[in-house]
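Each step along the sequence shown adds one to the number in UniProt numbering, with nothing skipped, and position 8 is 8. Accompanying notes for the structure given below.
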Amino acid sequence: MNTVEWLKAIYGEDHYISRFQVPGEIEAEFAPIGAKSVLKKILTYRDPAPFYFPKGKGLAAFPDAPVALSSWLSEEELDYYANKFEQTGFTGGVNYYRALPINWELTAPWTGAQVKVPTKFIVGEFDLV
Numbered sequence: 001m002n003t004v005e006w007l008k009a010i011y012g013e014d015h016y017i018s019r020f021q022v023p024g025e026i027e028a029e030f031a032p033i034g035a036k037s038v039l040k041k042i043l044t045y046r047d048p049a050p051f052y053f054p055k056g057k058g059l060a061a062f063p064d065a066p067v068a069l070s071s072w073l074s075e076e077e078l079d080y081y082a083n084k085f086e087q088t089g090f091t092g093g094v095n096y097y098r099a100l101p102i103n104w105e106l107t108a109p110w111t112g113a114q115v116k117v118p119t120k121f122i123v124g125e126f127d128l129v
């Protein structure tokens with residue numbers, strides 16, 4: 001079972017990775033909301049629960065209360081990224097998630113292989129990984 005199928009089985013169709021699979025669908029839901037609002041909601045999300053985008057509800061699952069930006073992201077930086085996404089749309093970003101099944105297939109020969117070089121995994125306190 002690939003990563004996307006596994007996540008759908010556990011979290012359902014509204015899980016963000018499941019929702020990002022159909023080309024154009026999530027982009028169409030994000031378009032009327034605007035890139036800055038989408039980015040701000042996603043980047044200030046603080047609930048450690050799984051991340052959901054219920055179909056047809058856009059960002060309605062997120063609390064409306066404004067959340068302050070983190071110290072690592074200024075309003076100017078948010079504006080910069082929002083401007084870039086307004087120009088290009090979100091397809092490039094969500095295509096990463098659309099490629100997960102292909103990545104799973106391509107890395108299948110290494111299933112169970114151990115990483116034998118020193119490694120470090122760094123994650124933020126509220127990272128959803």
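Beta carbons are placed, not taken as given, at the ideal position from N, Cα and C, and that holds for glycine.
- Distance from the Cα of E125 is smallest, within the candidate group I17, T44 and K57, for T44.
- Bridge partners of Y16 according to DSSP: none are assigned.
- Counted as a single uninterrupted DSSP element, the stretch harbouring D127 is not any alpha helix (DSSP H), since DSSP gives it neither H nor E.
- In the displayed model, Y45 falls within coil according to three-state DSSP, outside both helix and strand.
- Only residues of its own chain outside the window of five on either side were considered, and among them Y52, F53, P54 and K55 have a CB closer than 7 angstroms to the CB of D14, listed in chain order.
- Counting only residues of its own chain and dropping the five nearest sequence neighbours on each side, A82 has a CB closer than 7 angstroms to the CB of A35, K36 and L39.
- Counting only unbroken stretches of 4 or more residues, the alpha helix (DSSP H) elements lying wholly within the segment 61-128 are 75-88, 91-98 and 100-107, in sequence order.
- With distances taken between CA atoms, A49 lies nearest to Y11 out of R19, Y11 and E29.
- Its Cα nearest to that of L59, the residue A31 stands out among S74, L78, L69 and A31.
- The shortest CA-to-CA distance from V4 to any of T119, N103, P118 and D127 is the one to N103.
- Straight-line measurement puts the Cα of I33 at about 32 angstroms from the Cα of I122.
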